[in-house]
């Protein structure tokens with residue numbers, strides 16, 4: 072279609088109608104989010120914005136117009152996984168068996184971590200700009216603390232288990248996931264099996280070294 | 072000792088005597104090895120050679136004259152730790168209590184890993200050029216396999232423990248060590264406490280997911 076001369080430089084006629092514009096914008100947006108997820112999954116969230124733009128086939132300026140900060144891009148790229156995590160936690164909190172609930176959350180989160188290298192960063196890293204993240208993380212921390220308390224009260228989880236041991240275990244799982252490609256899933260399942268054995272109250276006679284106070288955001292910067 | 076004039080162009084007069092030369096070379100050598108250990112401990116073995124030379128205050132050419140390949144530099148930088156590891160293993164193999172022997176090796180190697188980020192690379196990475204490494208690793212693998220067999224035969228180690236689980240555990244420990252500075256030591260001790268709980272035969276009723284066949288050199292490339 073030949074371009075028409077126009078006095079309005081920012082909206083040359085004939086402009087696409089609002090529906091076409093929206094569809095175009097949405098397609099760009101989806102393409103960027105897909106590229107971001109792929110790049111984060113492969114390389115972690117330190118991937119340069121320019122590499123994500125290149126992968127998506129858009130300019131860096133376009134990317135920044137849709138996602139004004141790095142934190143917003145990360146947040147939106149992982150919105151689905153955040154929702155999945157929240158679902159895992161909600162489901163566990165409904166479970167009448169506290170040990171099954173605890174095992175379920177721990178197992179599923181470790182599996183998500185094994186399946187996607189970007190996940191650890193995305194769900195647990197520190198993003199001062201992304202307030203919905205802070206809210207989700209706070210909610211995750213409260214939910215985890217509740218699961219831990221219930222599993223201890225039921226006598227299923229060892230009494231010296233500390234909620235920070237969840238972070239310790241996720242760091243350990245992350246080490247396995249990063250070190251063992253392509254068998255990350257199988258290696259992670261084996262580690263999770265061992266860790267759950269060690270978390271069980273039964274036979275928990277030997278004292279452990281003291282816990283290290285770790286908040287979830289201590290997973291920040293972990294590849 | 073005064074230098075003697077000489078017709079030999081490779082030793083222009085007045086050249087330092089052989090003792091002075093040797094002392095100078097040794098000092099350079101020690102300085103490079105110290106710089107290499109520091110750099111590896113801080114950043115892992117992917118540190119560029121030029122950064123090590125800079126840290127040591129020598130030229131890159133000088134460094135390469137003393138250490139013709141990267142593998143030789145790494146090997147010599149960690150010779151002491153290799154000897155320490157060999158000592159830990161030898162001592163454990165003398166211990167009449169197989170479970171105490173197993174725990175001792177596992178605990179000490181994890182502590183060395185926590186104390187020094189370069190250690191995992193240095194001791195366990197794949198160095199095709201460094202034959203003494205291959206020898207040490209082979210010896211370590213045989214020693215570990217023997218410790219595992221003895222601890223199982225004594226009924227102390229769970230029968231479904233696989234020798235590859237040592238590598239799995241070292242990868243997990245590595246994840247904790249890299250993720251938790253400056254409390255790497257305390258966090259690693261806590262993880263080791265849990266893992267030893269899960270390795271004990273007592274109460275090992277629940278089946279584990281199958282082991283992943285991991286050789287020690289799978290720690291290659293782990294930061």
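Residue numbers (this note's numbering), protein chains in the order written: chain L, 72 to 294; chain R, 72 to 294. Note that CB positions come from ideal geometry on N, CA and C, so glycine has one too.
Which residues in chain R sit within 7 Å of residue i, going by Cβ to Cβ distance?
| i | result |
| --- | --- |
| residue 266 of chain L | 265 and 269 |
| residue 242 of chain L | 246, 247, 250 and 251 |
Assuming the contact rule is C-beta atoms closer than 8 Å, residue i and residue j should be a hit. Round their C-beta distance to whole Å, please.
| i | j | result |
| --- | --- | --- |
| residue 239 of chain L | residue 258 of chain R | 6 Å |
| residue 187 of chain R | residue 112 of chain R | 5 Å |
| residue 103 of chain L | residue 136 of chain L | Rounded, the Cβ-Cβ distance is 10 Å, inconsistent with contact. |
| residue 247 of chain L | residue 246 of chain R | 7 Å |
Which residue wins for smallest C-alpha separation from residue i, given the options the options?
| i | options | result |
| --- | --- | --- |
| residue 170 of chain L | L:248, L:110, L:219 and L:264 | L:219 |
| residue 176 of chain L | L:186, L:115 and L:162 | L:162 |
| residue 143 of chain R | R:125, R:100 and R:184 | R:100 |
| residue 164 of chain R | R:222, R:270 and R:227 | R:222 |
| residue 158 of chain L | L:210, L:236 and L:138 | L:210 |
| residue 117 of chain R | R:242, R:125, R:145 and R:127 | R:145 |
| residue 272 of chain R | R:247, R:255, R:213 and R:173 | R:173 |
| residue 329 of chain R | L:269, L:247, L:242 and L:251 | It is not possible to answer for residue 329 of chain R, since the shown part of chain R is limited to 72 through 294. |
| residue 125 of chain L | L:138, L:114 and L:110 | L:110 |
| residue 252 of chain L | L:103, L:96 and L:185 | L:185 |
| residue 214 of chain L | L:114, L:156 and L:232 | L:156 |
| residue 228 of chain L | L:136, L:268 and L:90 | L:268 |
| residue 236 of chain R | L:90, L:261 and L:139 | L:261 |
| residue 249 of chain L | L:114, L:93 and L:139 | L:114 |
| residue 150 of chain R | R:96, R:95, R:105 and R:129 | R:105 |
Grab me the residues of residue i's own chain with a C-beta within less than 6 Å of its C-beta, minus the 5 sequence neighbours each way, in chain order.
| i | result |
| --- | --- |
| residue 181 of chain L | 244, 259 and 263 |
| residue 207 of chain L | 153 |
| residue 179 of chain R | 159 |
| residue 199 of chain R | With a pLDDT of 45 at residue 199 of chain R, under the threshold of 50, the modelled position of this residue cannot be trusted; read the value that follows with caution. So no residue of the chain qualifies. |
| residue 127 of chain R | 102, 103 and 106 |
| residue 94 of chain R | none |
| residue 98 of chain L | none |
Between which residues of its own chain and residue i is the CB-CB distance below 7 Å, once the five residues before and five after are set aside?
| i | result |
| --- | --- |
| residue 120 of chain L | 131, 134 and 141 |
| residue 266 of chain R | 240 |
| residue 107 of chain R | 123, 144 and 148 |
| residue 270 of chain L | 228, 229 and 232 |
| residue 139 of chain L | none |
Mind pulling the chain R residues with CB within less than 8 Å of residue i?
| i | result |
| --- | --- |
| residue 245 of chain L | 246 and 250 |
Once the 5 residues before and after residue i are set aside, which same chain residues still bring their CB inside 8 Å of it?
| i | result |
| --- | --- |
| residue 216 of chain R | 234 |
| residue 166 of chain R | 172 and 175 |
| residue 96 of chain L | 137 |
Taking 7 Å as the line, does the beta carbon of residue i fall inside it for any heavy atom of the ligand ATP?
| i | result |
| --- | --- |
| residue 134 of chain L | Summarising the ligand content, the structure contains no ligands, and the ligand ATP is consequently not present. |
Could you confirm whether any beta carbon from chain A is found closer than 8 Å to the beta carbon of residue i?
| i | result |
| --- | --- |
| residue 217 of chain R | The structure shown contains no chain A; its protein chains are L and R. |
Can you list, in chain order, the residues of the stretch 208–238 of chain L whose Cβ is nearer than 8 Å to any Cβ on chain R? 236
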